[in-house]
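What follows is a single structure, written as structure tokens, with notes after it.
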Amino acid sequence: MWTIDLAPESDGPRGRLVLSPCPYCEEQFGSASLPIHVKRCRALYVPPTPEAAGPPKPPSKTIPSLQALCTQRILGNLHITCFNGLFTQPAHQASVIASLPETVLQQVFMHIVFEHQSRTKRFEKHQAKLRALKESCSALEATCSQVHGLRKEVDRLHRVCEARDAQHAATKLAVQELRAQVTRLTQDNAKLAKLTQQQHVQLQRKVLARPASQTKSQDKLHTKAVKASSAVAVAAAKPAPRRRGSSIPYPASLPERYAREVANGAT
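Numbering (our numbering), first residue to last: 2 to 268.
Encoded structure:
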């Protein structure tokens with residue numbers, strides 16, 4: 002679309018047409034239609050790709066200003082220049098801080114606040130760890146006291162076991178001695194049983210070898226002798242009769258010799 006710049010009639014005669022080239026397609030357009038065409042042409046324009054792309058250019062390095070370098074230096078050594086120096090040279094550091102620009106002071110204050118917050122968080126974490134360690138220490142102390150009590154009980158049981166072992170050893174020796182004694186007594190009993198059996202066999206042989214009449218008479222004599230010995234034993238075991246209310250027995254119930262002595266003593 003062609004446009005013609007026409008000057009007002011009061012300015013004088015008409016002027017010539019002024020055309021301007023498009024930066025993309027390099028066509029000529031009037032001043033009124035050029036912006037519209039440029040907008041459309043920019044949307045449709047595809048930049049040409051170079052055939053051989055050259056090496057990538059390194060990004061341009063910006064040179065910081067002197068104030069930025071000073072600020073970076075101060076903030077990098079903030080602990081040395083400000084915090085540590087406040088304790089060693091407070092007057093000098095006060096003048097240094099007063100001479101700093103406002104941006105540096107803002108960074109310093111922000112750093113101080115951040116450091117305070119981080120230190121507070123670390124302090125709270127350390128306090129929580131300390132509480133946990135105290136609780137674990139108290140639990141370990143209780144466990145240690147229990148272990149000491151169990152150790153004492155183990156020592157006591159060990160001493161009891163040693164005493165029981167000594168008693169067991171002594172009992173074992175006594176049992177061995179008793180077993181040896183039982184063995185000897187068993188052997189002696191076997192020997193006596195053998196001798197008794199031999200004597201019984203010999204007596205049976207003697208009884209079978211002598212006549213019957215002699216055997217009966219000897220049996221009667223033996224029976225009488227046994228009865229007499231039993232009567233004597235009973236008399237010796239039974240006390241003599243005594244008078245009522247007296248400790249002296251009857252003389253008639255005593256042998257002749259004792260009866261005479263009792264009678265003489267009574268007279």
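Beta carbons: idealized from backbone N, C-alpha and C, even for Gly.
Rounded Cβ spacing between residue i and residue j (contact assumed at less than 8 Å)
i          : j          : result
residue 22 : residue 29 : 6 Å
For residue i, the three-state DSSP class (helix, strand or coil)
i          : result
residue 24 : coil
Assigned exposure category for residue i - 16 Cβ within 10 Å defines buried
i           : result
residue 148 : exposed
residue 105 : buried
residue 238 : Because the pLDDT at residue 238 is just 47, under 50, the model does not fix this residue reliably, and the value given afterwards should be weighed accordingly. So residue 238 ends up on the exposed side.
residue 53  : Unreliable positioning characterises residue 53 in this predicted model, as indicated by a pLDDT of 48, which lies under 50. A coordinate reading is not provided.
residue 146 : exposed
Residue j beta carbon less than 8 Å from that of residue i
i          : j          : result
residue 31 : residue 45 : no
Chain B within 8 Å of residue i, Cβ atoms only
i           : result
residue 141 : Structure shown: chain B not included; a single protein chain is present.
_Runs of 4 residues minimum, wholly inside the region 155-211: which ones carry the alpha helix (DSSP H) assignment?_
none
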